[in-house]
Amino acid sequence: METAAFSEGAGDTFALRMRERQHRRLRLVSHLVILILLAVETRALLTGEYVAAALVAVILSGILLTLRLNAKPGPDCAAAFALVSLTALLGYSMWSNQGLYSGALIAFPTILVIAGLITSERLFWGLLTLMLITVAVISIAAALGYHSFHPLPMGLQRWMVVSSILLLSAGTIVWLMREMRCMQRSLESEVKRLRCSQAKLTHLAGHDALTGLSNRASFNSHVARMIEMAGRRKGCIAVLYLDIDNFKTINDSLGHSAGDELIQAIASRLRQVVRDADALSRHGADEFVMALADVEDLQTAIRVAQRMQTVISQPFEVNAKQLFTSLSVGIAVFPDDGTDVDTLVRKSEVAMFQAKKAGRNTHIVHQADMASDNHDRLDIEQALRHAIARDELELFYQPIIALRGDRLIGAEALLRWRHPEYGLLGPDRFMDVAEQSGLIVEIGEWVLGQACREAVRWQTEGLEGLGVSVNLSAVQLRRNNLETVVADALASTGLGAAMLELELTESMLLEKSDQFLQLLRSLKQMGVKLAIDDFGTGYSNLSYLQRFQVDRLKIDKSFVSQIGSNEQNRAIVTAVIQMAHSLKLEVTAEGIEHQLVQRILTSLGCDHAQGYLFSRPVEADRFLEFAKAHSSIA
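Below you can see the structure in the form of structure tokens.
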């Protein structure tokens with residue numbers, strides 16, 4: 001479905017180019033006929049054939065007038081009028097001179113060739129009918145003695161007339177042949193480009209854009225097949241959950257570009273460890289999952305984990321700096337720890353958390369009595385229950401900029417927690433706890449209400465037209481009251497539904513229940529906009545974009561961070577933007593940090609952008625100051 005939609009969009013562009021080229025050819029035909037008529041007009045005036053000269057002048061005036069009147073839509077009418085007029089003029093010439101002996105008869109097939117190749121079928125049959133009538137009238141008139149026709153004697157004059165017509169006809173046909181070959185080459189080039197784009201989209205659907213490794217959907221499918229084969233053979237599979245130690249410190253100190261470069265280098269080294277039969281996937285910003293096929297015993301998996309830790313412990317060269325990092329590895333084994341992909345990945349992740357707790361740079365095998373939450377997580381859950389009442393939660397806002405016109409169009413609301421002990425926490429520190437404990441429902445309602453109130457505040461401050469974007473969690477979507485929560489938030493604050501955008505992740509769109517579909521339809525009917533956040537980091541099934549009628553696609557920063565230097569990334573981003581536009585979706589690029597990336601995205605037709613280049617996420621008052629300072633472009 002997604003390929004068909006993309007093909008339709010690309011086909012529309014190609015068809016437009018073909019129509020423009022067709023119009024140029026038709027205009028050229030009109031100009032060619034004008035030149036021929038000017039030559040005929042000159043000859044008629046020189047030889048004293050004033051009736052013929054007057055007729056030619058009328059035809060010339062008609063063609064020129066038609067060309068001027070049809071300058072905007074295209075020269076179709078002018079070309080049609082020119083060909084019909086030329087046919088009629090040739091018929092008049094045959095009637096006035098030599099009848100069917102006239103060399104003008106040679107031009108009839110050429111006119112038909114032109115009409116058949118570059119004008120409408122209706123005009124072709126009309127011209128053929130006119131020619132047949134002309135020939136019939138001349139033949140009948142000659143047969144009944146109404147008119148006599150006398151051929152010119154063979155000589156220099158007749159040779160010149162016939163040769164001129166033949167050369168003109170041949171030149172026209174050669175020109176048409178070249179145009180047809182040019183059109184064929186354009187069509188072949190378009191088909192090749194379309195196939196290349198489709199191949200890139202197909203690759204994108206199953207791979208992580210930054211590293212080229214399998215994404216979750218592709219990994220899950222591969223491991224499911226491995227489990228099925230191992231079950232038949234009574235074999236074992238090991239799942240290793242890998243987390244890069246201290247990656248956040250490196251990312252924050254050197255920047256996202258350096259962090260992305262480090263991730264790519266780590267992925268390259270991990271590829272050296274895996275076999276063709278194994279599976280390797282990037283599951284998060286700094287997390288990888290590996291599945292080892294046909295392991296003999298647990299010690300085999302442990303040796304692989306140790307080898308990976310040794311490989312990763314070697315220094316990395318990033319931005320002319322030597323960086324050192326390590327791996328915390330959790331191990332789960334089929335069939336002892338689980339018989340399905342999700343269970344094995346979850347238990348290996350639990351073991352990985354224990355490895356981090358044990359001091360990092362180590363590996364731990366999952367145990368049956370291993371708890372998934374440590375004391376810190378329990379402390380966070382207890383404190384989170386009181387965070388709303390204590391007014392510790394806060395929304396930060398990151399501006400969203402329209403690339404065409406450089407206008408501020410709104411902001412994404414991002415949750416922060418001012419923890420009394422740990423300081424300002426991002427959602428990565430407490431959102432998992434909130435979802436597992438069910439607190440996300442209450443927190444989500446608070447976020448919606450607060451974001452809507454702030455958007456209304458922008459309007460009262462004279463910043464009308466600024467929308468607010470709010471992230472939803474899977475837990476909120478699974479509850480039956482989300483539609484009511486959204487409606488209440490809009491009603492209580494007075495915010496227009498069109499000013500609110502709800503962001504979903506790709507994994508949420510895997511839900512195929514009728515209840516879920518009805519929820520999204522209800523939200524759309526309310527006027528709320530829907531967006532897919534971090535596109536490409538999850539399951540990347542593009543058919544969901546049409547099925548759920550989303551309004552916006554937000555391309556993850558890993559897609560766009562290196563489009564200035566990485567041709568493959570640029571080609572993929574181009575394909576995604578074209579595909580989204582063919583589905584009538586707007587596109588927002590996330591994580592823009594450099595002006596070069598902004599310029600490239602603008603040239604590719606990306607609609608909106610957000611990132612540190614424009615502003616970091618800031619408190620509500622600071623965003624209001626930012627918006628007022630940019631009110632000239634808001």
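Per full-length UniProt numbering, the sequence shown runs over residues 1 to 634. Every residue, glycine too, gets a C-beta built ideally from N, C-alpha and C.
For Lys-557, which of Leu-613, Glu-121, Ile-443, Trp-417 has the nearest alpha-carbon? Ranking Leu-613, Glu-121, Ile-443, Trp-417 by Cα distance to Lys-557 puts Leu-613 first.
May I have a chain-ordered list of the alpha helix (DSSP H) segments no shorter than 4 residues that lie completely inside the region 560–610? For the region 560–610, whole alpha helix (DSSP H) runs of length 4 or above, ordered along the chain, are 567–582, 595–604.
So, at 6 Å on beta carbons, what are the nonlocal neighbours of Asp-391 in its own chain, with the 5 sequence-adjacent residues on each side left out? Once the five neighbours on either side are set aside, Asp-391 has no close Cβ partner at all.
Considering only residues of the same chain and omitting the five flanking positions on each side of Trp-446, which have a CB-CB separation below 6 Å? Short of 6 Å from the beta carbon of Trp-446, and not among the five residues preceding or following it, lie these beta carbons of its own chain, in chain order: Ile-388.
Give the DSSP-derived three-state secondary structure of Arg-616 in the structure shown. Arg-616: coil per DSSP, three-state reduction.
With a threshold of 16 other CB atoms inside 10 Å of the CB of Lys-529, please say whether the residue is buried or exposed. By the 10 Å Cβ count, Lys-529 comes out buried.
Distance check for Ala-170 and Phe-535, CA to CA, integer angstroms please. Straight-line Cα distance between these residues: approximately 56 Å.
Please look up how many angstroms separate the CB atoms of Glu-506 and Ala-531, rounded, as I've assumed it's under 8 Å. That belief does not hold up - the Cβ atoms of Glu-506 and Ala-531 are roughly 11 Å apart, past 8 Å.
Quick one: which unbroken alpha helix (DSSP H) runs of 4-plus residues sit fully inside the region 466–498? Chain order, please. Listed in chain order, the complete alpha helix (DSSP H) runs (minimum 4 residues) inside the region 466–498 are 474–478, 482–493.
If the criterion is Cβ atoms closer than 8 Å, does the pair Leu-316 and Glu-619 meet it? Inspection of the sequence shows that residue 316 is occupied by Phe rather than by Leu. Not closer than 8 Å, so no.
Distance, Cα to Cα, residue 636 vs Glu-381? The requested residue 636 is not part of the displayed model; the chain covers only 1 to 634.
Where do the ends of the alpha helix (DSSP H) carrying Arg-418 lie? For Arg-418, no alpha helix (DSSP H) run applies; the uninterrupted beta strand (DSSP E) run containing it begins and ends at 407–419, by DSSP.
Could you tell me which residues DSSP pairs with Ala-402 in its beta bridges? Looking at the DSSP assignment, Ala-402 forms a beta bridge with Arg-407, His-608.
What does a CB cutoff of less than 7 Å around Leu-344 pick up in its chain, not counting 5 residues either side in sequence? Here the set comprises Val-239, Ala-332, Phe-334, Asp-337, Gly-338.
Under a three-way DSSP split, which group does Arg-385 fall into? Shown here, Arg-385 sits in coil according to DSSP, grouped into three states, outside any helix or strand.
Give the range of the beta strand (DSSP E) segment to which His-363 is assigned. It spans 363–365 - the beta strand (DSSP E) in which His-363 sits, taken as one unbroken run.
Using only CA atoms, which one of Ala-358, Gln-98, Gln-367 lies nearest to Lys-347? Measuring from the Cα of Lys-347, the nearest candidate turns out to be Gln-367.
Using beta carbons (cut-off 8 Å, strictly below), is Gln-309 in contact with chain D? Here chain D cannot be found, since the structure has a single protein chain.
With burial defined as no fewer than 16 other Cβ atoms inside 10 Å of the residue's Cβ, what is the status of Leu-378: buried or exposed? Counting Cβ neighbours within 10 Å, Leu-378 comes out exposed, since fewer than 16 surround it.
What's the call for His-207, buried or exposed, on a 16-neighbour Cβ count within 10 Å? Buried, since its Cβ has 16 or more Cβ neighbours within 10 Å.
For Gln-578, count neighbouring Cβ atoms within 10 angstroms of its own Cβ and tell me buried if that reaches 16, exposed if not. Buried is the label assigned to Gln-578, since at least 16 other Cβ atoms lie within 10 Å of its Cβ.
Could you have a look at residue 641 and say whether DSSP puts it in helix, strand or coil? Examination of residue 641 is not possible in this model, given that the chain is present from 1 through 634 alone.
Any idea what DSSP makes of Phe-535, helix, strand or coil? In the three-state reduction of the DSSP assignment, Phe-535 falls in the strand class, which pools E and B.
Distance between Gly-48 and Ser-95 (C-alpha atoms, nearest Å): A quick correction: the sequence has Trp, not Ser, at residue 95. Trp-95 and Gly-48: Cα-Cα distance of roughly 18 Å.
Are Ala-267 and Asn-569 closer than 8 Å when you measure CB to CB? Taking C-beta atoms as the reference points, Ala-267 and Asn-569 fail to come closer than 8 Å.
Check for me: the alpha helix (DSSP H) holding Phe-353 runs from which residue to which? Segment 341–357, the alpha helix (DSSP H) holding Phe-353.
Identify, in the order they occur along the chain, each residue of the same chain with its Cβ nearer than 6 Å to the Cβ of His-419, setting aside the five sequence neighbours on each side. Shown here for His-419: same chain residues with a beta carbon closer than 6 Å to its own, the five before and five after excluded, namely Leu-425 in chain order.
Measure the Cβ-Cβ separation of Ile-440 and Val-486 and say whether it is below 8 Å. With contacts defined by Cβ atoms closer than 8 Å, Ile-440 and Val-486 do not form a contacting pair.
Going by the beta-carbon positions, is the gap between Leu-490 and Leu-500 smaller than 8 Å? With contacts defined as CB atoms closer than 8 Å, Leu-490 and Leu-500 qualify as a contacting pair.
Identity of the residue in Asp-342, Thr-119, Thr-325, Val-341 nearest Arg-360 by Cα: Minimum Cα distance to Arg-360 is reached at Thr-325.
With DSSP as the reference, identify every bridge partner of Gly-423, one or two as the case may be. According to the DSSP secondary-structure assignment, Gly-423 is paired through a beta bridge with His-419.
Using 8 Å as the threshold, is the C-beta distance between Ile-401 and Glu-412 below it? No, the Cβ-Cβ distance between Ile-401 and Glu-412 is not below 8 Å.
Label Asp-406 either buried or exposed according to how many other C-beta atoms from any shown protein chain fall within 10 Å of its C-beta, with 16 as the threshold for buried. Exposed.
Cβ-heavy atom distance, Arg-185 to the ligand ZN, below 7 Å: Ligands are entirely absent from the displayed structure, and the ligand ZN is therefore not among its contents.
Taking the C-alpha atoms as reference points, what is the distance between Gly-349 and Tyr-241? The amino acid at residue 349 is misidentified as Gly; the sequence shows Glu. Here the C-alpha atom of Glu-349 lies approximately 6 Å from the C-alpha atom of Tyr-241.
Within 10 angstroms of the Cβ of Ser-163, are there 16 or more other Cβ atoms? Answer buried if so, exposed if not. So Ser-163 ends up on the exposed side.
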